[in-house]
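Counting along the sequence shown from 1, when you hit position 17 you're at 62 in my numbering, and nothing is skipped either side.
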Amino acid sequence: MLTDGRITGITPHQYIEARRLDQLKLRLKGGEAMTRALYAVGYGSSSRLYERAPAQLGMTPATYHRGGQGVRIGYTIVDCPLGHLLIAASERGICAISLGDNDTELEAALAKEYPVAEIYRDDASLSHWAGALLSHLSGRLPQLDLPLDMQATAFQWRVWEELRAIPYGSTRSYGEIARALGQPRAARAVARACATNPVAIVVPCHRVVREDGGLGGYRWGLERKRYLLAQERAASGPTTDSAVQI
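Below, the structure written as structure tokens:
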């Protein structure tokens, strides 16, 4: 039984709420009705659910249930050294940054993630953020501070925030991230959080490697991970990190 927030880095109440939201998301994804799902996971009323959900779901539960219905998402795609780079954003912030070999696959992945949202091309409005990302990839803008609007559990948020704290040009192992979170046995859970990161580069999951220095996995391909690490190390100069096998 959880009695001390130091075990997980969050309070028992926060842990319970995070697990409850996880269960809710699974039920909604499976097509269960909203009312039935919220009572099944332990919410006493819909008002209690809506008080807690926006910060962790990235949108209200009903909107999430409908695949983003009523949400307008603009996107742009630019060429970069890693291939094609898609940036998508709601009115609250960036909800997707992905890498691919062509526009078609990137657009299809965005549509699959938000099947009922109003998705439209918006090169002009997103040009500033695209420019910032391209500058970052070239080494001219080491620090990125862009607004984000992502769906996440409490654990995912904590992992992603820990990743954003890794200095440019440095790396950490999955185990080091787990220990920093106060959960030394959670290395595999950290790896899963990295694999589900929806915003490449801004949440730098490419900076997380295996304990032995090997690259580990990367959602957008190991060659891209290898390039990013090499580029950052070259732009930042020598670091005190252990050598990474790139």
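Glycine included, every Cβ here is placed at the ideal spot set by N, Cα and C. Model, not experiment: these values are computed from the prediction.
Q: Reducing DSSP to helix, strand and coil, say where Gly176 ends up.
A: As a first step, residue 176 must be located in the sequence shown, where it is residue number 131. Residue state, collapsed to three classes: helix.
Q. Could you give the distance in angstroms between the alpha-carbon of Gly176 and the alpha-carbon of Arg224?
A. Translated into the one-based positions of the sequence shown, residue 176 becomes position 131. Translated into the one-based positions of the sequence shown, residue 224 becomes position 179. Taking the straight line from one Cα to the other gives about 35 Å.
Q | Simplified DSSP assignment, three categories, for Leu144 | A | The residue you call residue 144 lines up with position 99 of the sequence shown. Leu144 falls in the strand class under three-state DSSP.
Q) Looking only at DSSP bridge pairs, what is Arg217 linked to? A) Taking the sequence shown and counting its residues from 1, the one referred to as residue 217 is at position 172. Val253.
(Q) When you measure from the CB of Val86 to every non-hydrogen atom of the ligand ZN, does any distance come out below 6 Å? (A) For the structure depicted, the ligand ZN is absent and the ligand set is empty, with no information on it obtainable.
Q: Taking all protein chains shown into account, decide if Thr149 is buried (16 or more other Cβ within 10 angstroms of its Cβ) or exposed.
A: For the purposes of this step, residue 149 is taken as residue 104 along the sequence shown, with counting starting at 1. When all chains shown are included, Thr149 counts as exposed.
Q) Ordered along the chain, which non-local residues of its own chain (more than five positions away) have a Cβ less than 6 Å from that of Tyr272? A) Here residue 272 refers to the residue found at position 227 of the sequence shown. Closer than 6 Å at Cβ, skipping near neighbours: no residue.
Q. Does the Cβ-Cβ distance between Ala133 and Leu155 come in under 7 Å?
A. As a working note, residue 133 is residue 88 in the sequence shown. As a working note, residue 155 is residue 110 in the sequence shown. Yes, they are a contact pair.
(Q) Can you find the residues in the same chain that come closer than 6 Å, C-beta to C-beta, to Gln201, ignoring five residues on each side of it along the sequence? (A) As a first step, residue 201 is located in the sequence shown; it is residue number 156 there, counting from the start. Residues of the same chain with a CB within less than 6 Å of the CB of Gln201, apart from the 5 flanking positions on each side, are Ala238 in chain order.
(Q) On the DSSP bridge list, what partners appear for Ala232? (A) As a working note, residue 232 is residue 187 in the sequence shown. Answer by DSSP bridge pairing: none, since Ala232 is not bridged.
Q) Are Ser170 and Gly119 close, meaning C-beta to C-beta below 7 Å? A) The residue you call residue 170 lines up with position 125 of the sequence shown. The residue you call residue 119 lines up with position 74 of the sequence shown. In this structure, Gly119 lies closer than 7 Å to Ser170 by Cβ.
Q) Is it true that the CB of Ala240 sits closer than 7 Å to the CB of Arg264? A) Your numbering for residue 264 matches position 219 in the sequence shown. Your numbering for residue 240 matches position 195 in the sequence shown. Taking 7 Å as the cut-off, the beta carbon of Arg264 is found closer than this to the beta carbon of Ala240.
Q) Per DSSP, what kind of secondary structure is Ser281 in: helix, strand or coil? A) The residue labelled residue 281 in the question sits at position 236 within the sequence shown. Residue state, collapsed to three classes: helix.
Q: Determine, using beta carbons only, whether Leu193 and Gly138 come nearer to each other than 7 Å.
A: If you number the sequence shown from 1, residue 193 lands on position 148. If you number the sequence shown from 1, residue 138 lands on position 93. Yes, the pair counts as a contact, with Cβ atoms nearer than the cut-off.
Q: Please list, in chain order, all residues of the same chain as Leu267 whose beta carbon is under 6 Å from its beta carbon, the five residues on each side excluded.
A: Locating residue 267 in the sequence shown gives position 222, counting from the first residue. Cβ neighbours of Leu267 beyond the five flanking positions: Leu260.
Q: Would you list the residues sitting across from Ala134 in a DSSP beta bridge?
A: Within the sequence shown, residue 134 is the residue found at index 89, counting from 1. Ala134 is bridged by DSSP to Gly119 and Ile139.
Q: State the start and end residues of the unbroken beta strand (DSSP E) segment that holds Arg166.
A: Residue numbering aside, residue 166 sits at position 121 when the sequence shown is read from its first letter. Here the beta strand (DSSP E) through Arg166 covers Glu163 to Arg166.
Q: Please name the residue in Cys250, Gly282 and Tyr165 whose C-alpha comes closest to that of Arg117.
A: To locate residue 117, count along the sequence shown from 1; it is residue 72. That would be Tyr165, whose Cα lies nearest to the Cα of Arg117.
**Q.** For Leu193, three-class secondary structure by DSSP
**A.** Indexing the sequence shown from 1 puts residue 193 at position 148. Leu193 falls in the strand class under three-state DSSP.
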